[in-house]
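Residue numbers (the working numbering): -8 to 423. Let me begin by presenting the structure, written as structure tokens, before commenting on it.
Take a look at the structure:
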């Protein structure tokens, strides 16, 4: 839902009010005013611009009439629409008629009219300022007033109304060839769409903001646009992953890394490398996965103090990638690093995962002694963490490892010392 197109940016098209219309307004009956504010007048009455008064006691009818009588026709139309029409549409919205809605626990519904009615005096002042500036061909004064209106609705989370006025700012700046104002409008529109959760549109406006800033040589604005793009690219990549569109997610992560490098955001670059590395592993690209995880590990070691949690995550991911690639030695090396840092940081979940993965690798190597050690430790940590599924998994792995560690001795006994086996069967004498 947007406001009627009133062409705020076209200052040349604004004309002073015809005297005939002004005369008609002055002949309106005094009944339009509250009883306390009616003036002494002949029958038929008249209305003239009212003096400033305490806005806190005014209702929206009074403010709208005051705007109309003051001669601000366009401001009146917008003010009336903002404070009345949005509410009418909200009442007609069939989605609001659902049964069983929990108003207390449900999300807070914000409508344009509720925000407008809470700020009527300020909104009237800004709309009037914008109209007067447009009549006087003062483009940037008009721009500033519309921007303040947009900010008012943005603060109230009335996203559509805020977008309408930011777009007016964009048109005004384009009409008067003000690149800085145009860049600012793109920036605010991008931030607005981020707040509203429209990340695709946010990305579109941030990219336009960056392109205009670069073309106009605005270094500070370019840096700001890049920082905004880093966050938005990251969010879009996560959204694509959640939707199963892995190739698009890869593109967004790569864009995020490039933008982070350009604005020297090493932290975001590291996080993007880590997430992209895990995504490449899911796609079966182990070499690319290892490359990105190494970059993340280097970043975690380079900061002061070291990002130990990041080192644990990077080394665990590297171990997965190396194991998938068939490089068991590197996988074990990274798992040991992961376990060492996890012990230092007392991260029990990381410890149990590292112990479990090490045990599985040793089992595949038929190194049952080490496998039992790892699984025994995994079981102890799982018991301290709690959780039936985690403990049951640790029990099974430990039992299998212990069984396989005794299998050689048992088979020797079956093949070479049958009498001792029979004796054990009879009286459970300890086998030697």
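We put the CB at the ideal spot given by N, CA and C, even for glycine.
(message) According to DSSP, is residue 276 part of a helix, a strand, or is it coil?
(response) coil
(request) Could you check how far apart the C-beta atoms of residue 284 and residue 312 are, in whole angstroms? I think they sit under 8 angstroms. (result) Correct: roughly 6 angstroms between the Cβ atoms.
(request) Report yes if the C-beta distance between residue 348 and residue 366 is below 7 angstroms; otherwise report no. (result) no
(request) Please determine, among 115, 73, 166, the residue with the shortest C-alpha to C-alpha distance to residue 102. (result) Residue 102 has its Cα closest to that of 73, out of 115, 73, 166.
(request) Run the CB neighbour count on residue 148, radius 10 Å, all protein chains shown included, and call it buried at 16 or more, exposed below. (result) The residue in question, residue 148, is exposed, as its Cβ has fewer than 16 Cβ neighbours within 10 Å.
(request) Please report the residue range of the alpha helix (DSSP H) in which residue 206 lies. (result) Where residue 206 is concerned, the enclosing alpha helix (DSSP H) starts and stops at 190 to 206.
(request) Would you decide whether residue 334 is buried or exposed? Buried here means 16 or more other CB atoms lie within 10 Å of its CB. (result) exposed
(message) Measuring straight from C-alpha to C-alpha, what distance separates residue 308 and residue 104?
(response) 51 angstroms
(request) Can you give me the Cβ contacts of residue 305 inside the same chain, cut-off strictly under 7 angstroms, excluding the 5 residues immediately before and after it? (result) 265, 284, 287, 288, 291
(request) Using a threshold of 7 angstroms, state whether the C-beta atoms of residue 180 and residue 157 are closer than that. (result) Going by C-beta atoms, residue 180 is nearer than 7 angstroms to residue 157.
(message) Between residue 130 and residue 167, how many whole angstroms is the CB-CB distance? I'm expecting something under 8 angstroms.
(response) 4 angstroms
(request) Could you tell me which of 337, 339, 345 sits nearest to residue 324, measuring between CA atoms? (result) 345
(request) Would you mind reading off the limits of the alpha helix (DSSP H) that contains residue 132? (result) 130 to 146
(message) Which of the three DSSP states is assigned to residue 120 in this structure?
(response) helix
(message) Does residue 259 pass the burial test, meaning 16 or more other C-beta atoms within 10 Å, or should it be called exposed?
(response) Around the beta-carbon of residue 259, 16 or more other beta-carbon atoms lie within 10 Å, marking it buried.
(request) Assuming residue 59 contacts residue 115 (C-beta within less than 8 angstroms), just tell me the rounded distance between them. (result) Contact flag wrong, Cβ pair sits at about 11 angstroms.
(request) Identify, in the order they occur along the chain, each residue of the same chain with its Cβ nearer than 7 angstroms to the Cβ of residue 213, setting aside the five sequence neighbours on each side. (result) 201, 204, 205
(message) Let me check understanding here. Comparing Cα to Cα, which of 244, 254, 256, 255 lies closest to residue 270?
(response) 244
(request) Determine the closest residue to residue 237 out of 394, 54, 274, with distance taken between C-alpha atoms. (result) 274
(message) Just to confirm before moving on: does the CB-CB distance between residue 225 and residue 247 stay below 7 angstroms?
(response) yes
(request) Following the continuous alpha helix (DSSP H) through residue 211, name the residue where it begins and the one where it ends. (result) 210 to 233
(request) Alpha carbon to alpha carbon, how far is residue 151 from residue 368? Give it in angstroms, no decimals. (result) 57 angstroms
(message) With H, G and I counted as helix, E and B as strand and the rest as coil, what does DSSP make of residue 155?
(response) When DSSP states are grouped into helix, strand and coil, residue 155 belongs to the helix group.
(request) May I ask you to report which of helix, strand or coil DSSP gives residue 58? (result) In this structure, residue 58 counts as helix in the three-state DSSP scheme.
(message) Tell me the rounded alpha-carbon separation between residue 75 and residue 117.
(response) 18 angstroms
(request) Specify the secondary structure class of residue 265 as computed by DSSP and reduced to three states. (result) In the structure shown, residue 265 falls within a helical segment according to DSSP collapsed to helix, strand and coil.
(message) Suppose contacts are defined by Cβ-Cβ distances below 7 angstroms. Is residue 339 in contact with residue 382 by that definition?
(response) no
(message) Let's see if you can read the secondary structure: which residues bound the alpha helix (DSSP H) around residue 63?
(response) For residue 63, no alpha helix (DSSP H) run applies, since DSSP gives it neither H nor E.
(request) Could you check the C-alpha separation between residue 65 and residue 122 for me, to the nearest Å? (result) 7 angstroms
(request) Could you check the C-alpha separation between residue 108 and residue 136 for me, to the nearest Å? (result) The straight-line gap from Cα to Cα measures roughly 18 angstroms.
(request) Flag this pair as yes or no: are the beta carbons of residue 302 and residue 332 separated by less than 7 angstroms? (result) Cβ atoms of residue 302 and residue 332: closer than 7 angstroms.
(request) May I have the straight-line CA-CA distance separating residue 263 from residue 256, to the nearest angstrom? (result) 11 angstroms
(message) According to DSSP, simplified to helix, strand and coil, what is residue 334?
(response) If DSSP states are grouped into helix, strand and coil, residue 334 belongs with the helices.
(message) Tell me which residue opens and which closes the alpha helix (DSSP H) that residue 246 is part of.
(response) Its alpha helix (DSSP H) spans residues 237 to 253.
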